[in-house]
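Everything on this sheet refers to the single structure shown next.
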Amino acid sequence: MSTSGVDVDRAARLLLGGGVVAIPTETVYGLAATARDAIAVRRVYDLKGRPASHPLIVHFADADGAGEWAQHWSPETDALAQRFWPGPLTLIVERADFVPDFVTGGLSSVALRVPDHALTLQLLRVVGDGLAAPSANKFGLVSPTTAQHVRADLGNGVDYVLDGGPCRIGVESTIVDCTVDPPQILRPGAVTVEDIETVIRSVAASSGPSRAPGMLSSHYAPKCRLVLVESGARPTEPMSGSTRTLDARVNPSTFAREMYAELRRADDDGIDSLLIELPEPRGIGLAIRDRLSKAAAGR
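Every letter in the sequence shown is one number past the one before it in our numbering, and letter 140, counting from 1, is 142.
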C-alpha cells in the first residue's frame, strides 16, 4: 500500500520529481501532480480512469499564483477570489497562453482554486506552482474524505498520501464560470448562491454544455441502490433486501461532511438499499441534492 503521513517536504519532493500525491483539502482529498508536467498529469488520469477530455482543477497557494494562469481577471472574479479564497470555491476563467491543454481538456478556459487546508497550503508554497488535482478516487465513484478512503481506492498507485485527517466540509467545491456575464454556478457546494450574491450583483444557474470538471449526470456512485425521498414523503418503489435510512434534513452541513463516508459504510456493510431523506433545496442542501441525484443515477 502507498505510504501516508504528514511529511510536506517529502510530498513536495515527490511531486517535483514527477510523482503523484494524494492531498487533503477542506472538501475532498485530491490526486495531485504538478500542473505543467504532462507525464505526471497523465498518471493522474490513468490512476483515476478519467477521460482526458475532462478538465482538472488547478490548486494554488494564493490568488496571485492562480491569477497568473488567467488570460483575463475580471472585477467579479477578483471579488469572489478575495472573499472566498482560501476556500471551497473554484473559478473558471479564460486561460493564459502558456496553460497546457492536458489540464484543461482542450478547452480555452481553466479551473482555479486556493484550498483551505493548512497542510496543502504549506505544500503548495513549497512546490511553488499549481497542482492539478481531481478527487483521489476511481472515476465516477464515491469521493474520498479521509486518507483511508484514498488508500482503499487507489492502493499503491499513489506515491504518497498526505494525511490531513477527515475533510471538514465533505463535498466538492462550488464551481463558478466567470467567462460569461453574469457568472454561472456550474456546480453547487459549500459556497452557496446566497453567499455569492453578497459579493457580485447577480449569478445565473448552469445551462447548456459545461466547461467544468465533475459534471457527468452519473457520478459519486456507491454499489448499493440509493432511494431519495423528499421530506415527509414515502418511497415510490418497493424496498428489498437489507435497507438503511439516513436523514439529511436536520443538519445539512453535518450530513454533507459525513455523506461520502456513509455511502462507503453502506457498501462495506453489504447494504442493498440506502433510503435518504433529502434536505431543502437551499444553502448546502443544493450541493447534497446534486451529489445524491448523480450518485443515484449511477446505480
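We put the beta carbon where it would ideally sit given N, CA and C, even for glycine.
Cβ shell of His61 (< 6 Å), same chain only, five flanking positions each side left out: Arg115, Pro117, Leu133, Ala135
Residue span of the alpha helix (DSSP H) that contains Asp58, given as start and end: Reading off the sequence, residue 58 comes out as Leu, not Asp. Segment: none, Leu58 is in no alpha helix (DSSP H) and carries neither H nor E.
Neighbour-count burial assignment, Thr256, 16 or more Cβ in a 10 Å radius: exposed
C-beta atoms of Leu164 and Ile25 nearer than 7 Å: yes
DSSP state of Glu232 mapped onto helix, strand, coil: coil
Classification of Ala289 by the beta-carbon crowding that lies within 10 angstroms, buried from 16 upward: buried
Classification of Glu174 by the beta-carbon crowding that lies within 10 angstroms, buried from 16 upward: buried
Collapsed DSSP secondary structure at Val252 in the structure displayed: coil
Glu264 versus Arg189: straight-line alpha-carbon distance, rounded: 22 Å
Collapsed DSSP secondary structure at Ala42 in the structure displayed: helix
Three-state secondary structure (DSSP) of Glu282: coil
7 Å Cβ cutoff met for Cys226 and Asp269: yes
Extent of the continuous alpha helix (DSSP H) to which Glu199 belongs: 195-199
Neighbourhood of Glu96 by C-beta, 7 Å cutoff - its chain only, sequence neighbours within 5 removed: Ala72, Gln73, His74, Ser110, Ser111, Thr181
Tyr222 in three-state terms, based on DSSP: coil
Met3 versus Ala81 - alpha carbon distance: Note that Met3 scores a pLDDT of 48, beneath 50, so its modelled location is shaky; the value from the coordinates is reported in the next line. Computed Cα separation, rounded: 43 Å.
For Leu93, the residue or residues it bridges with in DSSP: Leu114, Val178
DSSP three-state assignment for Met3, whether helix, strand or coil: Low confidence applies here, because Met3 scores a pLDDT of 48, under 50, leaving its location unreliable and the question unanswered by this model.
DSSP-derived helix/strand/coil call for Arg170: coil
C-alpha distance - Gly89 paired with Thr238, whole-angstrom precision: 38 Å
C-beta atoms of Lys140 and Gly19 nearer than 7 Å: no
Proximal residues to Val129 (C-beta, below 7 Å), its chain only, five neighbours per side dropped: Ala14, Leu17, Leu18, Thr36
Contact belief for Ala1 with Ser6 at Cβ below 8 Å, rounded distance in angstroms: In the structure as shown, the chain begins at 3 and stops at 301. Residue 1 is therefore absent and cannot be evaluated.
DSSP state of Ser76 mapped onto helix, strand, coil: coil
Enclosing beta strand (DSSP E) for Val128 [first to last residue]: Note, Val128: premise wrong, no beta strand (DSSP E); alpha helix (DSSP H) at 120-129.
For Val8 and Glu260, the rounded distance between their alpha carbons: 23 Å
Coarse secondary structure for Ala192, derived from DSSP in three states: coil
Burial state of Ile41 (16 or more Cβ within 10 Å): exposed
Three-way DSSP call (helix, strand, coil) for Gly142 in this model: coil
Leu164, enclosing beta strand (DSSP E) - first and last residue: 162-164
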